[in-house]
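To keep things clear, I will list the structure first and then write my remarks on it.
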Amino acid sequence: MTYKKRALKFEFTLKDGEFDESGNNILTIDNIKAEIEIGAYGGITGTTLEARVYGLSIDNMALLSYKGIQLNGAKQNMMKVWADDRPVFFGSITNCFADLNQMPDAPLIISAFSTGFDQSITAAPFSKEGVASVNEIITTIAASIGYTVVNNGVLAKLENPYFEGNPISQIQQCAHAAGIEIDFRLGAIYIWPQGGSIDDTIPLISPQHGLIGYPVFSNYGINLQCQYSDLILRGRKIQLETSLPNGSGVYTVQSAVHHLSTWTEGGPWSTIVWASIGQLTVRQ
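For the sequence shown, the residue numbers in my numbering are 1 to 284.
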């Protein structure tokens with residue numbers, strides 16, 4: 001892709017320590033060189049992030065990175081990311097280090113995922129006698145960690161539900177037992193029936209609307225690359241129009257990876273999509 005000025009903004013929140021003498025534990029930085037990869041694959045991690053952020057001072061990189069891996073939930077630093085002023089990621093940093101071998105343009109290399117901190121929380125088991133709706137169960141557990149629930153058509157019920165582990169694990173167990181789809185993203189939990197979709201929005205992807213090159217069929221559907229759009233989400237349907245024989249149609253996004261960069265000539269601002277024609281698999 002040709003060079004075009006884009007915007008990535010980062011907000012870091014320290015669980016321990018301050019960024020300045022005033023005691024501020026939040027650092028916001030934008031208008032910098034950066035590269036990120038945001039993955040929406042489903043599963044217990046929710047949205048994932050890999051980032052290379054340039055322009056931070058040595059002191060700030062030291063505060064954020066500590067000694068690399070950050071598995072202690074109580075000490076996990078949090079981060080938010082915006083692309084062109086729209087939120088694209090919120091979660092906890094699980095691995096972070098500075099690569100000073102690239103001085104003077106040394107990046108801070110970050111791995112993060114949306115449910116990292118919440119998986120470190122100790123929670124009492126969830127149980128209820130009798131029949132309970134899946135929406136009620138997930139909403140109750142989600143409220144304990146500050147998540148909202150967006151339900152698009154889940155009506156399933158479970159009898160005498162009992163789930164152990166951290167809150168995210170309990171929610172995942174509930175979804176598994178009910179045979180529904182689930183996604184964790186931007187502080188919300190999205191649930192929808194298998195074979196359904198996350199909402200009623202159906203973005204159009206075509207050569208005139210962002211499609212890059214030609215889609216390629218896979219064993220289960222179709223793969224394609226397009227210009228970045230935050231409308232492309234796991235669980236959402238897309239309308240594909242292409243001159244590839246038999247390629248046009250409505251597909252369901254099973255995973256999406258956004259590759260974004262700023263202040264890099266020829267840097268990516270695109271999305272890779274893996275989509276299925278119908279319901280992909282029965283949840284294991």
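Note that the Cβ used here is the ideal one computed from N, Cα and C, for glycine as well.
Would you tell me roughly how many angstroms separate the C-alpha atoms of Ala7 and Phe89, rounded to the nearest one? Looking up residue 7 in the sequence shown gives position 7. Looking up residue 89 in the sequence shown gives position 89. Straight-line Cα distance between these residues: approximately 14 Å.
When the Cα of Phe117 is compared with those of Gly130, Ser127, Gly91 and Asp105, which residue comes out closest? Along the sequence shown, read from residue 1 onward, the residue named residue 117 stands at position 117. For the residues Gly130, Ser127, Gly91 and Asp105, the minimum Cα distance to Phe117 belongs to Gly91.
Could you name the residues of the same chain whose beta carbon sits closer than 6 Å to that of Leu204, not counting the 5 residues immediately before and after it, in chain order? Position 204 of the sequence shown, counted from the start, is the residue given in the question as residue 204. For Leu204, same chain residues with a beta-carbon under 6 Å away, outside a window of 5 residues either side, are Gln239 in chain order.
Which whole-angstrom value is the C-beta distance of Asp230 and Arg86, which I expect to be below 8 Å? To locate residue 230, count along the sequence shown from 1; it is residue 230. To locate residue 86, count along the sequence shown from 1; it is residue 86. Contact holds; Cβ gap of about 6 Å.
C-alpha distance - Gly153 paired with Asn25, whole-angstrom precision: Counting from one through the sequence shown, the residue named residue 153 turns up at place 153. Counting from one through the sequence shown, the residue named residue 25 turns up at place 25. Here the C-alpha atom of Gly153 lies approximately 40 Å from the C-alpha atom of Asn25.
Look at the Cβ atom of Leu224, then the Cβ atom of Leu211, and state whether they are nearer than 9 Å. Along the sequence shown, read from residue 1 onward, the residue named residue 224 stands at position 224. Along the sequence shown, read from residue 1 onward, the residue named residue 211 stands at position 211. Cβ atoms of Leu224 and Leu211: closer than 9 Å.
Ile29 and Lys9: beta carbons closer than 9 Å? Residue mapping note: residue 29 aligns to position 29 of the sequence shown, counting from 1. Residue mapping note: residue 9 aligns to position 9 of the sequence shown, counting from 1. Contact flag set, yes.
Per-residue burial, Tyr190 [other beta carbons within 10 Å of its own, 16 or more giving buried]: What you label residue 190 is simply residue 190 of the sequence shown in a count that begins at 1. Classification for Tyr190: buried.
Backbone CA spacing between His258 and Ala51 [nearest angstrom]: Here residue 258 refers to the residue found at position 258 when the sequence shown is read from its first residue. Here residue 51 refers to the residue found at position 51 when the sequence shown is read from its first residue. Roughly 12 Å between the two C-alpha positions.
Only counting the same chain, and skipping five residues up and downstream in sequence, which positions put a Cβ closer than 6 Å to that of Ser127? Here residue 127 corresponds to residue number 127 of the sequence shown, with the count starting at 1. Cβ within range, chain order: Tyr162.
Where does Gln225 fall in DSSP's three states? For the purposes of this step, residue 225 is identified with residue 225 of the sequence shown, where counting begins at 1. Of the three classes helix, strand and coil, the one that applies to Gln225 here is strand, per DSSP.
What are the residues that DSSP puts in a beta bridge with Arg52? Here the question's residue 52 lines up with position 52 in the sequence shown. DSSP output for Arg52 lists Glu35 and Ile109 as bridge partner(s).
Which class does Leu186 belong to by DSSP, given the choice of helix, strand or coil? Position 186 of the sequence shown, counted from the first residue, corresponds to residue 186. Leu186: coil per DSSP, three-state reduction.
May I ask which residues mark the beginning and end of the alpha helix (DSSP H) holding Thr140? As a first step, residue 140 must be located in the sequence shown, where it is residue number 140. In this chain, the alpha helix (DSSP H) harbouring Thr140 covers Val134 to Ala143.
DSSP three-state assignment for Leu64, whether helix, strand or coil: What you label residue 64 is simply residue 64 of the sequence shown in a count that begins at 1. Secondary structure of Leu64 (DSSP, three-state): helix.
Use the C-beta contact count for Ser65: other C-beta atoms within 10 angstroms, 16 or more gives buried, fewer gives exposed. By 1-based counting over the sequence shown, the position of residue 65 is 65. Only buried fits Ser65, as 16 or more other CB atoms lie within 10 angstroms of its CB.
Have a look at Thr264 and Leu63 and give me their C-alpha separation to the nearest angstrom. Looking up residue 264 in the sequence shown gives position 264. Looking up residue 63 in the sequence shown gives position 63. Rounded to whole angstroms, Thr264 to Leu63 spans 26 Å at the Cα level.
Output the residue ranges of the alpha helix (DSSP H) runs that lie fully inside the segment 160 to 213 and measure 4 residues or longer, sorted by chain position. DSSP runs (the alpha helix (DSSP H)) wholly in the segment 160 to 213: 167 to 178.
Leaving out the 5 sequence neighbours to the left and right, which residues in its chain are closer than 7 Å to Ala106 when beta-carbon positions are compared? In the sequence shown, counting from the first residue as 1, residue 106 sits at position 106. So the list reads Ala98, Asp99 and Leu100, once near-sequence residues are dropped.
Let me know the secondary structure DSSP gives Leu260 once reduced to three states. By one-based count along the sequence shown, residue 260 stands at place 260. Of the three classes helix, strand and coil, the one that applies to Leu260 here is strand, per DSSP.
What number of angstroms, rounded off, separates the C-alpha of Phe217 from the C-alpha of Ala123? If you number the sequence shown from 1, residue 217 lands on position 217. If you number the sequence shown from 1, residue 123 lands on position 123. If I take the Cα positions, the gap works out to 44 Å.
Using the three-state DSSP reduction, which class does Ile29 fall into: helix, strand or coil? As a working mapping, residue 29 is identified with position 29 in the sequence shown. Per DSSP, reduced to three states, the secondary structure at Ile29 is strand.
Figure out for me which residue from Cys226, Gln76, Ile145 and Ser261 has the closest Cα to the Cα of Phe184. Within the sequence shown, the letter at position 184 stands for residue 184. Answer by Cα proximity: Ile145.
Do Ser114 and Thr48 have their beta-carbon atoms positioned less than 9 Å apart in this structure? By one-based count along the sequence shown, residue 48 stands at place 48. By one-based count along the sequence shown, residue 114 stands at place 114. When the beta-carbon positions are compared, Thr48 and Ser114 come within less than 9 Å of each other.
Among Pro193, Gly55 and Tyr41, which has the Cα closest to the Cα of Ile272? By one-based count along the sequence shown, residue 272 stands at place 272. It is Tyr41.
Can you grab the Cα-Cα spacing for the pair Ile277 / Pro193, in whole Å? Looking up residue 277 in the sequence shown gives position 277. Looking up residue 193 in the sequence shown gives position 193. If I take the Cα positions, the gap works out to 16 Å.
Pick from Thr45, His176, Ile109 and Ala83: whose alpha carbon is nearest that of Asn60? Sequence index remark: in the sequence shown, residue 60 carries index 60 (1-based). Sorting Thr45, His176, Ile109 and Ala83 by C-alpha distance to the C-alpha of Asn60 places Ile109 at the top.
When we look at the beta-carbon of Pro289 and count the other beta-carbons within 10 Å, is it buried (16 or more) or exposed? The displayed coordinates of the chain run from 1 to 284. Any statement about residue 289 would go beyond what the structure contains.
For the putative contact between Trp274 and Gln227, defined by C-beta atoms under 8 Å, what is the C-beta separation to the nearest angstrom? Counting from 1 along the sequence shown, the entry for residue 274 is found at position 274. Counting from 1 along the sequence shown, the entry for residue 227 is found at position 227. Contact doesn't hold; Cβ gap of about 17 Å is too wide.
DSSP state of Gln119, grouped into three classes? Walking along the sequence shown from the start, residue 119 turns up at place 119. Shown here, Gln119 sits in a helix according to DSSP, grouped into three states.
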